[in-house]
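Numbering (our numbering), first residue to last: 1 to 421.
Following: one structure in structure tokens, then a few remarks.
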């Protein structure tokens, strides 16, 4: 029985943790809610860090999930700038890293997020080497791009994933020179495959971005602590005043591992194993957001999803499960991106090797289309590019698991809803 004597602790002050705290109060929980954040900023959303805020189109305050006063008003005990270094499952306590304070929990939610992967090459200790994961990173990078644009400076980006491409677009809008180094054959190769990856490559080339595919950075060259150039394994040296490492993120699962919770195999993305209620192998501990590894019934495999929508929806679902509500978390992966005049949304899951055909509805050359990834005639994923208000219909088509008429799927004149049985 959930009552006022219970204490629910949330470790992680991102979107997932903040929305979980909000949901506990909205669902009527009257016990203690303790939210522990390792950053000194109040919980915020991450998409603006590489989009609107980085471009100077959104104010800093717009990124926060709630205004600062909301936490006290809703009796959320917010610990900013605090880490948790131990979860004692037997004693049902977490230990704060700064002073060793023990905090009791009846239910615990781990929402510790992910951290950027680091370049393991010489020169990464130079002042001009950057990552983008936190608000402080975005603040610093915003100043860097402003300076590069003013001085015709060069930015080298390692990695042509979503973060790398979004920062490339922002840098070009500021006027900086941009070179993207990517070991794959196209941008977003493992996510979108070559067909769609090439569309993004051409988009960026039209805006002056230079790509170097099939190579990796081997060294960042500097002098007096500043970046001068970036070298690649083909022997080339690229001028650079700053370098952004955008080679992906790793789930922050150290706390869960040390506590003895079940961890997923790395071949399935790693992460903390959870059931459909986002409960870990310990019935009083839940996990959500970037670290949660969930068996998805539609795709028949375990998925770990790092995108914004998973945090937005996973936090509330975990909170309801902690309260004993009936929860089945089976949302389709969803993410979005904005680059120059291109906006897109992606639903589903179709990694490289999982599909056998891509069907385009619309005009890919004009970047006004929907792409569908199919396996044996069934839609695994869909991406709408500069086509709006179709996400729900795309997701219905994926969930139907029905074999579709590919000519009708490719025909913009055929309503998508007519293809769902």
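Yeah, the Cβ is synthetic: ideal placement off N, Cα and C, and Gly gets one too.
- Assignment of residue 107 by DSSP, reduced to helix, strand and coil, places it in the strand class.
- Contact check for residue 377 against residue 370 fails: the beta carbons are separated by 7 angstroms or more.
- Assigned with DSSP and collapsed to three states, residue 400 falls in helix.
- For residue 29, DSSP assigns no beta-bridge partner whatsoever.
- Pairing residue 357 with residue 252 gives a Cβ-Cβ distance that is not under 7 angstroms.
- Three or more beta-carbon pairs separated by less than 8 angstroms link the segment 135-155 to the segment 174-191, which places the two stretches in contact.
- Residue pairing from DSSP places residue 369 in a beta bridge opposite 362 and 385.
- DSSP places residue 197 within a helical segment (H, G or I) once states are collapsed to three.
- Beta bridge pairing from DSSP links residue 222 with 227.
- Residue 325 sits away from residue 313, with the two beta carbons spaced by 7 angstroms or more.
- Per the Cβ contact rule, the segment 258-269 is not in contact with the segment 212-231 (fewer than 3 Cβ pairs under 8 angstroms).
- Annotation: the continuous beta strand (DSSP E) that includes residue 239 extends over 237-239.
- Residue range 342-348 is occupied by the beta strand (DSSP E) that includes residue 346.
- By the CB criterion at 7 angstroms, residue 222 and residue 123 fall inside the cutoff.
- A distance of 7 angstroms or more separates the beta carbons of residue 76 and residue 110.
- For residue 115, the uninterrupted beta strand (DSSP E) run begins and ends at 114-116, by DSSP.
- Shown here, residue 85 sits in a strand according to DSSP, grouped into three states.
- By the Cβ criterion, the segment 342-352 is not in contact with the segment 161-168, since fewer than three pairs of Cβ atoms, one from each stretch, lie closer than 8 angstroms.
- The beta carbon of residue 307 sits closer than 8 angstroms to the beta carbons of 333, 334 and 335 from its chain, once the five residues preceding and following it are set aside; these are given in chain order.
- Ranked by how close their Cα comes to the Cα of residue 12, the residues 108, 55 and 301 have 108 in first place.
- Under the DSSP assignment, residue 277 falls outside any beta strand (DSSP E); it carries neither an H nor an E label.
- DSSP, reduced to helix, strand and coil, places residue 206 within a helical segment of the structure shown.
- Residue 63 sits away from residue 18, with the two beta carbons spaced by 7 angstroms or more.
- In the structure shown, residue 53 falls within a coil segment according to DSSP collapsed to helix, strand and coil.
- Taken in chain order, the whole alpha helix (DSSP H) runs of length 4 or more contained in the segment 295-337 are 308-322.
- In this structure residue 277 is buried. Its beta-carbon is surrounded by 16 or more other beta-carbon atoms within 10 angstroms.
- Under the Cβ criterion (8 angstroms, minimum of three pairs), the segment 228-247 counts as touching the segment 124-142.
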